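Number 204 in the working numbering belongs to position 102 of the first sequence; there are no gaps in the numbering.
Cβ atoms here follow ideal geometry from the backbone N, Cα and C, with glycine treated the same way.
This structure is a prediction, so every number in the text was calculated from the model and none was measured.
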Amino acid sequence: MTDNPPSGIGRLEESGSGQPGVAASGRSGIGRLMRRPEFLAVAGARRKWVAPGLILQARRHDERQHPPASGPAVRFGLTASKKVGNAVARNRARRRLRAAAMELLAAHGTPGYDLVLIARSETLVRGYAELKADLAAGMKRLGAWRDGAVSS
RNA sequence: CCAGACGGCCGGAUGGUCGCCUUUCGCGGUGCGAGCCGUGGGGGGAGGAAAGUCCGGGCUCCACGGAAACACGGUGCCGGCUAACGGCCGGCGGGGGCGACCCCAGGGAUAGUGCCACAGAAAGCAAACCGCCCGCUGGUCCGGCCGAUAAAGAUCGAUGGCCGGCCACGGGUAAGGGUGAAAGGGUGCGGUAAGAGCGCACCGCGUCUCCGGUAACGGCGACGGCACGGUAAACCCCACCGGGAGCAAGAUCGAAUAGGGGCGGCACGGCUCCGGCUUCGGCCGGACCAGCGGGUUUCCGCGUCGUCGCCCGGGUAGGUCGCGCGAGGCGUCCGGUAACGGGCGUCCCAGAUGAAUGAUCAUCCCCCGUGACUUGGCGGGGACAGAACCCGGCUUACAGGCUGUCUGGCACU
103 MTDNPPSGIG RLEESGSGQP GVAASGRSGI GRLMRRPEFL AVAGARRKWV APGLILQARR
163 HDERQHPPAS GPAVRFGLTA SKKVGNAVAR NRARRRLRAA AMELLAAHGT PGYDLVLIAR
223 SETLVRGYAE LKADLAAGMK RLGAWRDGAV SS
């Protein structure tokens, strides 16, 4: 649909270099991972952080994984398996993780990363502040943390 | 007031901050345009079970001559309601409860076949283990009495008679005992050798007439005389219902890549020969020579691949539709005991797809604990559970609460 002749396929080597390009790209939105291959790609990166409230997986964009050039800079996905509980419990865990992720990624998300948040049974009862702290620690550990909270 | 029976309803509330899905209306930018991007406002956004996926439908595709039949599956008192149902309502029959009320897989056992364990004499066609009764039957048996053989007494033995017992045999009986879930009706009186529907009364059962009821069924009466045991949730018979699969149904658009077909351009040797077709322009197939590539000659391969552009068709990822105006909600009136039906008014009210409907904070409400001792404080908790095409039911789960009708008690007037 959007593939116009001009840009065509010249594409995206640029994103490899990254950081300065962020401002250049102009798009700093937060996107969601929707498809199974995207989740598998993040899991395949083998960069994982386990916290009481959640498990965090991260993956940098690179040449082979080609997010749409015009797409959001940071993307995340949510997973809650049956170990968490019944459907009500899974939904609640997902929603809490999503709320925390939206809050932190807007301020501290490093462009060029895909993150996957996996719910645990502890996700349901952990305090919200602690949950955010778990996520922040994981992001720092995996290098997806950005300090200056200057979003446009 | 206490205890209980049956229904109906709710299923945390309010407010900040930050967000999501959908719909609609503006503004700005961009584009020829459909639209896209940004931004702002309004509307809507999980359940009574959304669950289990157990029935019944709508809808879609497949199959099929309308259909019928067999097999298989389901349902099963009667009447009504409903689009339909295994659902609901109202009755009937049976069982339970002082009662309100509750429970019931409730067609057919003279259509047929099978089965009835253990126990017991015997389990379906009648029979008889113990017992009771009768006997012009029998006994080397026991007791009593009489009389004789030998005159009296005693004892023993033989023989005969009478009575009784016991045993056997023959017959009568099914009252009683005993076994069992069930034993050929039950209770009472009469009757009898003992007994027995043998006779009688009542109950039960069966048949018939009449009456009430749409019907299931109920009632009165007469007759029969025990003949028809139970099990159909064993097969079976009868009546009725059912074509199959399911929104991952189905429809539609369709990228990249690979591949198929067609047209055109570029490129592309022959006054040669043979065969076929011809609209006589040529076209197709083959041979030969020339050519190109490899290679030292012989020789081998190519001889049209290619390339560019456009079009057609299949199909994958993916997108869109299906998809919410409906057996719809609410209110009211009318008919009906009710389920339900009808009229009028009014409303538009979730549509996600790694899946929106939320996160967080505060206050209040309700429980529990604690220290306190009657404001308040501190800590913890608030069920079952998340739409996935839709609708009608059933079943199962559920903290707490509100409310109506009725029943049985107690107290008071």
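Within its own chain, the residues whose Cβ lies closer than 7 Å to the Cβ of residue 196, once the five positions on either side in sequence are excluded, are 180, 182, 221, listed in chain order.
Residue 237 and residue 156 have their C-alpha atoms some 7 Å from each other. Between residue 136 and residue 186, the alpha-carbon positions lie close to 21 Å from each other.
Residue 151 is positioned such that its CB atom lies no closer than 9 Å to that of residue 248.
Residue 229 and residue 143 have their C-alpha atoms some 31 Å from each other. Our two residues, residue 145 and residue 246, have alpha carbons roughly 16 Å apart in a direct line. For residue 184, the closest of 177, 178, 133, 193 by C-alpha to C-alpha distance is 193. Per the coordinates, the alpha-carbon of residue 158 lies some 17 Å from the alpha-carbon of residue 231. The straight-line gap separating the alpha-carbon atoms of residue 161 and residue 149 is approximately 7 Å.
Residues of the same chain with a CB within less than 8 Å of the CB of residue 234, apart from the 5 flanking positions on each side, are 202, 205, 206 in chain order.
The three-state reading of DSSP puts residue 236 in helix, counting H, G and I together. Boundaries of the beta strand (DSSP E) around residue 218: 215-221.
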